[in-house]
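Structure first, commentary second.
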Amino acid sequence: MTPILPGATIGVLGSGQLGRMFALTARRMGYRVHTLSPDTDTPTGQISDVEINAEYDDLDAVRNFARNVAAVTFEFENVPAATAAAAAEQALVRPAGDILHITQHRLREKTYLARHGFPVTRFATVSTREELIHAIANVGLPAILKTAGFGYDGKGQFRIATLDAADAAWQALGTQEAVLEAMVEFECEMSVVAVRNESGDFEHYGAILNHHVNGILDVSIAPAPIEPGITREAVDIARRVMEQLQVVGVLCTEFFVTRDGHLLINELAPRPHNSGHLTIDACVTSQFEQQLRAVCGLPLGSTFQARPAAMANLLGDLWTPREPDWTSALAIPDARLHLYGKAQPRPGRKMGHITACAATPEEAEGIVRQARERLH
């Protein structure tokens, strides 16, 4: 393709913090940014040149939005397939809408991965209570019942430990299409954030170790302090997934590492990922710049990381009962604060993050945890 050069306008469907960090990078590199979402005064809109307020199913608004940009990308994968298709009528869309169609639906994603030989947890389709009972017999207990589509950060997930708990989980889910997944006895969770361009060039940030609390990412550490062979295997799987899907852009592959050292894919995210936020401060080229480069047909940047790094999420809980103590946290000179411009803090809502680089991954983790603790 002919590269889309600085001075051009890039469109972002979605308006959260991922779009904000993408827009900050794009503006730094001389691009203009338009964003479309149902909301106003959004994290992305505060940085963009133009913020369009429209529903994703307003396809005429989407077409008009795409008509005024050189390329369209996404800041979250739950944009409807029809929206991506409408945008593609007017502009280059990357990653392609069919990739979003697969990855925004757990059942489609797991079925696709299993069909192409990638390692996933045992799972079964569930659309009725009777199917749930049958799935439990095949998958076993304990298991996790998840909504098939549009779930993230632990939402729409219910643990079933005994057969007696099945009815309650099915009712709590709202009796909609779901997937039952076997519980995995894992040693740790990790991710590989990688980028691929139209020419098939591939870059990655190695393995990132992730700690979750209540289903939400809490702390990420890079490089992950795990056995090098596991890292190589994870990167190879991530590369093959991107090649199979023909991804042009950034994709995060989330893994479980089992206690016997095997890798299982948990989820795919076809955009920059929370665990990759530390690349802004730790790497030559951040995940957001890589997304921009891939979308625009520019050469990919170096992912070199000079020092270990860690990131700690800041959730809305920290604003209760009072504003966080920013002065105390920032008295730690190696702590770097990133806030997302969200007006209303709520429990569990991602409001920002803190990163740090240090001599070891453990030291970096200690800094971000200490800085976050001081916010109280």
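All you need for the working numbering is the position in the sequence shown, starting with 1, plus 1028.
By construction, the Cβ of each residue, glycine as well, lies at the ideal position given by its N, Cα and C atoms.
Quick caveat: nothing in here was measured; it's all calculated off a predicted structure.
Integer-rounded CB distance, given that residue 1194 should sit under 8 Å from residue 1170: Counting from 1 along the sequence shown, the entry for residue 1170 is found at position 142. Counting from 1 along the sequence shown, the entry for residue 1194 is found at position 166. At roughly 11 Å, the Cβ-Cβ gap does not stay under 8 Å, so residue 1170 and residue 1194 are not in contact.
Could you spell out where the alpha helix (DSSP H) holding residue 1124 opens and where it closes? Along the sequence shown, one-based indexing puts residue 1124 at 96. The continuous stretches of alpha helix (DSSP H) do not include residue 1124, and DSSP gives it neither H nor E.
Under 8 Å by Cβ, that's how I've got residue 1084 and residue 1111 pegged, so tell me the actual separation to the nearest angstrom. Counting from one through the sequence shown, the residue named residue 1084 turns up at place 56. Counting from one through the sequence shown, the residue named residue 1111 turns up at place 83. Under the criterion of beta carbons closer than 8 Å, residue 1084 and residue 1111 qualify as touching, at roughly 5 Å.
On the premise that residue 1305 lies in contact with residue 1266, defined as a C-beta separation below 8 Å, what is that separation, rounded to the nearest angstrom? Residue numbering aside, residue 1266 sits at position 238 when the sequence shown is read from its first letter. Residue numbering aside, residue 1305 sits at position 277 when the sequence shown is read from its first letter. Actually they are not in contact, since the Cβ atoms of residue 1266 and residue 1305 sit about 18 Å apart, beyond 8 Å.
So residue 1039 is in the beta strand (DSSP E); what residue range does that whole segment cover? Counting from one through the sequence shown, the residue named residue 1039 turns up at place 11. 1037 to 1041 is the extent of the beta strand (DSSP E) around residue 1039.
DSSP state of residue 1346 mapped onto helix, strand, coil: Numbered from its first residue, the sequence shown carries residue 1346 at position 318. Helix, per DSSP.
Straight-line Cα distance separating residue 1192 from residue 1319: Translated into positions along the sequence shown, residue 1319 becomes position 291. Translated into positions along the sequence shown, residue 1192 becomes position 164. Rounded to the nearest whole angstrom, the CA to CA distance from residue 1319 to residue 1192 is 46 Å.
Sub-8 Å separation of residue 1366 and residue 1376 beta-carbons: For the purposes of this step, residue 1366 is taken as residue 338 along the sequence shown, with counting starting at 1. For the purposes of this step, residue 1376 is taken as residue 348 along the sequence shown, with counting starting at 1. Not a contact, by the Cβ cut-off of 8 Å.
Sorted by chain position, which residues of the same chain lie with C-beta nearer than 7 Å to residue 1127's C-beta, five sequence neighbours on each side aside? Position 99 of the sequence shown, counted from the first residue, corresponds to residue 1127. Beyond the five residues adjoining it in sequence on each side, residue 1127 comes within less than 7 Å, by CB distance, of 1273, 1275, 1298 in the same chain, given in chain order.
Since residue 1058 and residue 1031 are thought to touch, with beta carbons under 8 Å apart, how far apart are those beta carbons, to the nearest angstrom? Reading the sequence shown from its first residue, position 30 is the one you call residue 1058. Reading the sequence shown from its first residue, position 3 is the one you call residue 1031. Contact between residue 1058 and residue 1031 does not hold, since their C-beta atoms are separated by about 13 Å, which reaches or exceeds 8 Å.
Express the C-alpha separation of residue 1090 and residue 1359 in angstroms, rounding to a whole number. For the purposes of this step, residue 1359 is taken as the residue at position 331 of the sequence shown. For the purposes of this step, residue 1090 is taken as the residue at position 62 of the sequence shown. A direct Cα-Cα distance of roughly 45 Å separates residue 1359 from residue 1090.
Cβ-based neighbour list, residue 1176, same chain, cut-off 7 Å, excluding 5 preceding and 5 following: Working through the sequence shown from its first residue, we reach residue 1176 at position 148. So the list reads 1133, 1134, 1135, 1205, 1206, 1207, once near-sequence residues are dropped.
Other residues of its chain near residue 1321: CB distance less than 8 Å, five sequence neighbours each side excluded: As a position in the sequence shown, residue 1321 is number 293, starting the count at 1. The beta carbon of residue 1321 lies closer than 8 Å to those of 1223, 1225, 1313, 1327, 1328, 1329 in the same chain, with the five residues before and after it left out.
May I have the straight-line CA-CA distance separating residue 1119 from residue 1303, to the nearest angstrom? Taking the first residue of the sequence shown as 1, we reach residue 1119 at position 91. Taking the first residue of the sequence shown as 1, we reach residue 1303 at position 275. Whole-angstrom Cα-Cα distance: 30 Å.
Kindly list the residues whose CB is nearer than 6 Å to the CB of residue 1403, restricted to its own chain and excluding five residues on each side of it in sequence; keep chain order. Stepping through the sequence shown from its first residue, residue 1403 is reached at position 375. Answer for residue 1403: 1346, 1352, 1353, 1357, listed in chain order.
Considering only C-alpha positions, which residue in the set 1060, 1047, 1216 is nearest to residue 1248? Locating residue 1248 in the sequence shown gives position 220, where the first residue counts as 1. Minimum Cα-Cα distance from residue 1248 among the listed residues 1060, 1047, 1216 corresponds to 1216.
Coarse secondary structure for residue 1378, derived from DSSP in three states: The residue given as residue 1378 occupies position 350 in the sequence shown. DSSP places residue 1378 in strand when its eight states are reduced to three.
Tell me the rounded alpha-carbon separation between residue 1150 and residue 1096. On the sequence shown, residue 1150 is found 122 positions in, with the first residue counted as 1. On the sequence shown, residue 1096 is found 68 positions in, with the first residue counted as 1. Answer to the nearest angstrom: the Cα atoms are 45 Å apart.
Where does residue 1240 land, buried or exposed, given buried means 16+ other C-beta within 10 angstroms? As a working note, residue 1240 is residue 212 in the sequence shown. Classification of residue 1240: exposed, given that the 10 Å Cβ count is below 16.
Mark residue 1289 as exposed unless 16 or more other C-beta atoms lie within 10 angstroms of its C-beta, in which case mark it buried. The count along the sequence shown starts at 1 and reaches residue 1289 at position 261. Flag for residue 1289 reads exposed.
Comparing the CB of residue 1228 with every heavy atom of the ligand GTP, is any distance shorter than 7 Å? This structure lacks the ligand GTP, and indeed carries no ligand of any kind.
Residues bridged to residue 1174 [DSSP beta-bridge criterion]: As a working mapping, residue 1174 is identified with position 146 in the sequence shown. Under DSSP, residue 1174 forms a beta bridge with 1185, 1207.
Tell me the start and end of each unbroken beta strand (DSSP E) in the region 1291 to 1371 that is at least 3 residues and wholly inside, in chain order. Every unbroken stretch of the beta strand (DSSP E) spanning 3 or more residues and falling wholly within the region 1291 to 1371 is given here in chain order: 1291 to 1297, 1337 to 1343, 1364 to 1367.
Assumed close pair residue 1338, residue 1383 - CB separation to whole angstroms, cut-off 8 Å: Locating residue 1338 in the sequence shown gives position 310, where the first residue counts as 1. Locating residue 1383 in the sequence shown gives position 355, where the first residue counts as 1. Right, their Cβ atoms sit about 7 Å apart.
Can you check whether the CB of residue 1038 is closer than 8 Å to the CB of residue 1055? Taking the sequence shown and counting its residues from 1, one reaches residue 1055 at position 27. Taking the sequence shown and counting its residues from 1, one reaches residue 1038 at position 10. Their beta carbons are not under 8 Å apart, which means residue 1055 does not touch residue 1038 by this criterion.
For the beta strand (DSSP E) that residue 1092 lies in, which residues bound it at each end? Here residue 1092 refers to the residue found at position 64 when the sequence shown is read from its first residue. Segment 1087 to 1095 is the alpha helix (DSSP H) holding residue 1092; no beta strand (DSSP E) there.
Can you give the Cα-Cα distance for residue 1229 and residue 1196, rounded to whole angstroms? Here residue 1229 is taken as the residue at index 201 of the sequence shown, counted from 1. Here residue 1196 is taken as the residue at index 168 of the sequence shown, counted from 1. Whole-angstrom Cα-Cα distance: 48 Å.
Put residue 1218 into one of helix, strand or coil per three-state DSSP. Position 190 of the sequence shown, counting from 1, holds the residue named residue 1218. Secondary structure of residue 1218 (DSSP, three-state): strand.
What runs of the beta strand (DSSP E), each 3 residues or longer, lie entirely inside the region 1210 to 1274? For the region 1210 to 1274, the full-length beta strand (DSSP E) segments reaching 3 residues or more read 1214 to 1224, 1230 to 1232, 1236 to 1241, 1244 to 1250 along the chain.
Boundaries of the alpha helix (DSSP H) in which residue 1107 is found, first to last residue: For the purposes of this step, residue 1107 is taken as the residue at position 79 of the sequence shown. From DSSP, residue 1107 is part of no alpha helix (DSSP H); its letter is neither H nor E.
State buried or exposed for residue 1284, treating a residue as buried only when at least 16 other CB atoms are found within 10 Å of its CB. Here residue 1284 refers to the residue found at position 256 of the sequence shown. That one is buried.
Mark residue 1200 as exposed unless 16 or more other C-beta atoms lie within 10 angstroms of its C-beta, in which case mark it buried. Here residue 1200 refers to the residue found at position 172 of the sequence shown. Exposed.
Less than 8 Å between the C-beta atoms of residue 1344 and residue 1374, yes or no? On the sequence shown, position 316 is the one that residue 1344 refers to. On the sequence shown, position 346 is the one that residue 1374 refers to. Against a cut-off of 8 Å, the Cβ pair of residue 1374 and residue 1344 comes out as a contact.
Are there 16 or more other CB atoms within 10 angstroms of the CB of residue 1042, so buried, or fewer, so exposed? By 1-based counting over the sequence shown, the position of residue 1042 is 14. By the neighbour-count rule (16 or more Cβ atoms within 10 Å), residue 1042 is buried.
Just curious, the alpha helix (DSSP H) that residue 1162 is in, first and last residue? The residue given as residue 1162 occupies position 134 in the sequence shown. From DSSP, the alpha helix (DSSP H) with residue 1162 extends over 1157 to 1167.
Tell me the rounded alpha-carbon separation between residue 1005 and residue 1242. This structure gives no information on residue 1005, because the portion of the chain shown stretches from 1029 to 1404.
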